[in-house]
DNA sequence: ATTTTTATTGCGACTATGTTGCAATAAGAT
DNA sequence: ATCTTATTGCAACATAGTCGCAATAAAAAT
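Protein chains in written order, with the working numbering: chain A, 1 to 139; chain B, 140 to 278.
Pasting the structure below:
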């Protein structure tokens, strides 16, 4: 999603462009890994921006409700979030615990059709995480 | 996994068959949905088995280390666990919030090969969750 | 059947994570 | 410059999970 598009979405919700919100949009826009409330607080501290934990949690909820970000759940990691849009999946290294977001199409359409037929389950979204060893850790 | 096989694994770890452990193996063996520490405490209470929260958390870790169960992370739900073995994926209903474990093969082998080639990431496991509406909730 | 070994348990205290109400502040429209 | 109300900080709370230690209880040894 473009920065302009994000700001439009936020204005539609009567959102104001505060310092914390601007910084968080920047973080999410450039992060190559999902962010937790705690990691966001650390990123803010590095920019000398002080913010209460409560503010971060409320902001995360706001951005999620607005459709700007969505939640990601990964084994061994806290509740995290990343920018919406695109088909984001995750490579979770069991060695260094790094998480990399990767965007790619996959072949799950037929699977989702089968679930509708056999399980009468109407899929609207899915999440896919790969666990293993990254380049650095696989030696 | 068979009950006998589970007990063997536990004995290999010098594990003893306590009331709580037996009950938890039973719960995991019959549950069609992943279990959280809290839901296990409730199941125990129904059987008139009192147990401390700490015990449950320690037992979950023991069973995970032993390879009997593995962790499951689902958006909107607490940290949960289910029996290992088989290829378990999940159908998460956004209406009633029920989670159903389903075992099926999928077509991700070629994807995992591609990740090894393109990302130099050595996949050892993956998790796949489908979010949507179950039969009851999709009307 | 008793004793012995040590895995397991409960308890209390603690940390981390996340939420709520309310009064104070500040974005941005008028 | 003023006004409206979105946003913030704070304190208090709720929930989830962990740790050390002494007490208990499997189950092996006697």
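Just so it is clear, CB atoms sit at the ideal spot from N, CA and C, and this is done for glycine as well.
For residue i, which residues in the same chain have their Cβ closer than 6 angstroms to its Cβ, ignoring the five residues on either side in sequence?
i	result
residue 86 of chain A	103
residue 36 of chain A	78 and 80
Give every residue of the same chain whose Cβ lies closer than 7 angstroms to the Cβ of residue i, excluding the five residues on either side of it in the sequence, and list them in chain order.
i	result
residue 23 of chain A	44, 47 and 49
residue 59 of chain A	20, 21 and 24
residue 115 of chain A	121 and 123
residue 215 of chain B	236
residue 6 of chain A	25 and 68
So which residues on chain B does residue i lean against when the C-beta distance must stay under 8 angstroms?
i	result
residue 120 of chain A	273, 274 and 277
residue 112 of chain A	269
Residue i touches chain A at which residues, Cβ-Cβ below 8 angstroms?
i	result
residue 256 of chain B	Chain A residues near residue 256 of chain B: none, gap ~12 angstroms exceeds 8 angstroms.
Let me confirm a value: residue i is counted as buried when at least 16 other C-beta atoms fall within 10 Å, else exposed. Which label applies?
i	result
residue 150 of chain B	exposed
residue 129 of chain A	buried
residue 221 of chain B	buried
residue 252 of chain B	exposed
residue 115 of chain B	Residue numbering for chain B in the displayed model covers 140 to 278; residue 115 of chain B lies beyond these limits and cannot be assessed.
residue 73 of chain A	buried
residue 171 of chain B	exposed
residue 107 of chain A	exposed
residue 29 of chain A	exposed
residue 249 of chain B	exposed
residue 277 of chain B	exposed
For residue i, report the span of its alpha helix (DSSP H) as first-last.
i	result
residue 143 of chain A	Nothing can be reported for residue 143 of chain A: it is not among the residues displayed for chain A, which extend from 1 to 139.
residue 115 of chain A	109-119
List the residues of chain B that residue i touches, going by C-beta distances under 7 angstroms, in chain order.
i	result
residue 129 of chain A	265 and 266
residue 68 of chain A	In chain order: nothing, as chain B lies at least about 16 angstroms away.
residue 20 of chain A	Per Cβ cutoff of 7 angstroms: no residues; residue 20 of chain A is ~24 angstroms from chain B at best.
Take residue i and list the residues in its own chain whose beta-carbon comes closer than 8 angstroms to its own, dropping the five residues that flank it on each side.
i	result
residue 153 of chain B	none
residue 273 of chain B	230, 232, 234, 235, 237 and 239
residue 105 of chain A	87
residue 84 of chain A	1, 67, 68, 69 and 70
So which residues on chain B does residue i lean against when the C-beta distance must stay under 9 angstroms?
i	result
residue 91 of chain A	254, 258, 260 and 262
Using the beta-carbon of each residue, which ones in chain A are nearer than 7 angstroms to residue i?
i	result
residue 212 of chain B	73, 74 and 75
residue 246 of chain B	107
residue 238 of chain B	Ordered by position in chain A, no residue passes the 7 angstroms Cβ test against residue 238 of chain B, which lies about 11 angstroms from the chain.
Give a single yes or no on whether residue i has its beta carbon closer than 8 angstroms to a heavy atom of the ligand ADP.
i	result
residue 108 of chain A	The ligand content of the structure shown is nil, which means the ligand ADP is not present either.
Starting from residue i, trace the beta strand (DSSP E) in both directions and tell me its first and last residue.
i	result
residue 272 of chain B	261-272
Kindly provide the ranges of any beta strand (DSSP E) runs that are 3 or more residues long and lie completely inside the segment 152-240 of chain B, ordered along the chain. 208-211, 219-222 and 227-232
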